[in-house]
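S.K.: I'd like to ask some things about the structure below.
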Amino acid sequence: MTGDIAYVLLEDGTRFDGDSVAHDSHATGEVVFTTGMSGYQESMTDPSFANQLITFTYPHIGNYGVSAEAMESDRVHARAAIMRSAVNREDAPNAEGAWLDWLRDCGVPAITGVDTRELVRHIRDGGAMRGGVFPGRIAEHEAMELVRAEPPMAGLDLAREVTPEGVHVVGPHGGPLIAAIDTGIKASIVRHLVQRGARVALHPCGVSATELLQSEPEAVFLANGPGDPAALGYIVDAVRGVLGKKPVWGICLGHQLLSRAVGLDTFKLPFGHRGGNHPVKDVETGRIEITSQNHGFAVVGPGGAHTIDVDEPVRWETDFGTAQLSRVNLYDRTVEGLTLLDIPAGTIQYHPEAGPGPNDALHLFDEFLDQVRPDAAHPDQHAGPDALRR
Numbered sequence: 024m025t026g027d028i029a030y031v032l033l034e035d036g037t038r039f040d041g042d043s044v045a046h047d048s049h050a051t052g053e054v055v056f057t058t059g060m061s062g063y064q065e066s067m068t069d070p071s072f073a074n075q076l077i078t079f080t081y082p083h084i085g086n087y088g089v090s091a092e093a094m095e096s097d098r099v100h101a102r103a104a105i106m107r108s109a110v111n112r113e114d115a116p117n118a119e120g121a122w123l124d125w126l127r128d129c130g131v132p133a134i135t136g137v138d139t140r141e142l143v144r145h146i147r148d149g150g151a152m153r154g155g156v157f158p159g160r161i162a163e164h165e166a167m168e169l170v171r172a173e174p175p176m177a178g179l180d181l182a183r184e185v186t187p188e189g190v191h192v193v194g195p196h197g198g199p200l201i202a203a204i205d206t207g208i209k210a211s212i213v214r215h216l217v218q219r220g221a222r223v224a225l226h227p228c229g230v231s232a233t234e235l236l237q238s239e240p241e242a243v244f245l246a247n248g249p250g251d252p253a254a255l256g257y258i259v260d261a262v263r264g265v266l267g268k269k270p271v272w273g274i275c276l277g278h279q280l281l282s283r284a285v286g287l288d289t290f291k292l293p294f295g296h297r298g299g300n301h302p303v304k305d306v307e308t309g310r311i312e313i314t315s316q317n318h319g320f321a322v323v324g325p326g327g328a329h330t331i332d333v334d335e336p337v338r339w340e341t342d343f344g345t346a347q348l349s350r351v352n353l354y355d356r357t358v359e360g361l362t363l364l365d366i367p368a369g370t371i372q373y374h375p376e377a378g379p380g381p382n383d384a385l386h387l388f389d390e391f392l393d394q395v396r397p398d399a400a401h402p403d404q405h406a407g408p409d410a411l412r413r
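Okay, structure coming up:
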């Protein structure tokens, strides 16, 4: 910790002052906020937060320290942490270090003492925007030049920055092989698949449909990740090449990529969905789940609508047959899940693994794997796995 004056500067010129903690440096990127009350280390190491500065709406961050178990990847991907009242404790039962010490050791700047309520309200009104965390010694006009040099998130391909260089297989021999396109997959997603007996092959995001099919997987999994799905045409092409040939399940960015692969469009949300308390309704069963989310883009609905105004399984016609709405976000009525009725494929926008967060949606992993095992019975080949269709 340094305790020196620092500030957050947004591209519209709005400034929020505070105290510098952790690493004595600056960072720029898209300033976003998450409403989670815990999981600060998981958020910072989630590849979906690449190129972003995280504003934590919960005031006290760092209460229970950090640990190796809480890592969602091998490094920090978020560029900075913005907090109201950061603490540096390491006396919790599972703590292996203190939060601010860990950020400093990782080379990540952070700021505390910020009026995060006002900052979040500003982002909600003006939308997520470029900004930066700066030590007081950097003049504001210099900071603004750095902010404006940062590319906007729209149109940005960040999958190539977080994807592995080669194929990596984890899980027990003999388990159903799931081919995952690794666009920044969280460790907890892989862990939940492996715990249920799956063997997961993590492929670089540039993998082709031919390479995926040659590995003879039971299903293809599309993971979370950062950036704009509209900038990932090469992944969309790969997905189009496996649709109808293997079951495909997409979550988060994978939901957006699969939707684009069948001919639907995506758009940038004003300030995204990030946190562990987002209500989602299953429009077929009426069940409401509290979900964990982390995304800044959404799928366009029927007729070009950005929101769904009815709690019914409305349908789209796509390049691969009929798609049916399975879930809707109860905050802003955006699309939260689709089922392809003519091929075995489906999506959800949220994170069933939480990591951390509510466990309402963990059953989706069980349903997915129960249906893609080699010995699973599929009386209706066109319906697709229950985990994809519900």
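Numbering of the sequence shown is given in my numbering, commencing with residue 24 and proceeding in unit increments.
All residues carry an ideal CB built from backbone N, CA and C; glycine is no exception.
1) Please name the residue in VAL31, ASN74, THR80, ALA253 whose C-alpha comes closest to that of ARG160.
2) With C-beta atoms as the reference, is MET106 less than 8 Å away from VAL137?
3) Within a Cβ cutoff of 7 Å, which residues of the same chain sit near HIS145, ignoring the five residues on either side of it in sequence?
4) Exposed or buried, ASN317, counting other C-beta atoms within 10 Å across all chains shown (16 or more means buried)?
5) Quick check: what's the CA-CA separation for THR139 versus PRO158?
6) Find out if the Cβ-Cβ distance for the pair GLY154, LEU292 is shorter than 8 Å.
7) Measuring straight from C-alpha to C-alpha, what distance separates VAL131 and PRO375?
8) Going by CA-CA distance only, name the one from ARG214, GLY250, GLN372, LYS304 that's closest to SER282.
9) Under 8 Å: do the stretch 186 to 196 and the stretch 77 to 95 share three or more Cβ pairs, one atom per stretch?
10) If SER43 sits next to PRO70, beta carbons under 8 Å apart, how far is it from one beta carbon to the other, in whole angstroms?
11) Taking 6 Å as the limit between beta carbons, can you name the residues of its chain near ALA115, skipping five residues before and five after?
12) Evaluate the contact criterion for the stretch 300 to 308 versus the stretch 332 to 343: three or more CB pairs, one atom per stretch, below 8 Å.
13) Candidates SER349, ASP332, THR289, ARG350: which alpha carbon is nearest GLY178's?
14) Does DSSP put LEU225 in a helix, in a strand, or in coil?
15) Look up HIS374 in the DSSP assignment and say whether it is helix, strand or coil.
16) Is the stretch 252 to 269 touching the stretch 222 to 237 in the sense that three or more CB pairs, one from each, lie closer than 8 Å?
17) Residues in its own chain within less than 6 Å of ILE274 by CB, not counting five upstream and five downstream?
18) Quick check on DSSP: helix, strand or coil for ASP69?
19) Cβ atoms of PRO240 and LEU280: under 8 Å apart, would you say?
20) Output yes or no for whether 8 Å exceeds the beta carbon distance between ALA109 and ILE84.
M.R.: The answer reads as follows:
1) VAL31
2) yes
3) Excluding sequence positions up to five before and after HIS145, its CB lies within less than 7 Å of the CB of THR37, all in the same chain and listed in chain order.
4) buried
5) 18 Å
6) no
7) VAL131 and PRO375: Cα-Cα distance of roughly 28 Å.
8) The shortest CA-to-CA distance from SER282 to any of ARG214, GLY250, GLN372, LYS304 is the one to GLN372.
9) Flag = no, the stretch 186 to 196 and the stretch 77 to 95 do not touch.
10) At roughly 26 Å, the Cβ-Cβ gap does not stay under 8 Å, so SER43 and PRO70 are not in contact.
11) TYR87, GLY88, listed in sequence order.
12) yes
13) Out of SER349, ASP332, THR289, ARG350, THR289 has the C-alpha closest to the C-alpha of GLY178.
14) strand
15) strand
16) Between the stretch 222 to 237 and the stretch 252 to 269 there are three or more inter-stretch CB-CB distances shorter than 8 Å, so the stretches are counted as touching.
17) ILE371
18) coil
19) no
20) yes
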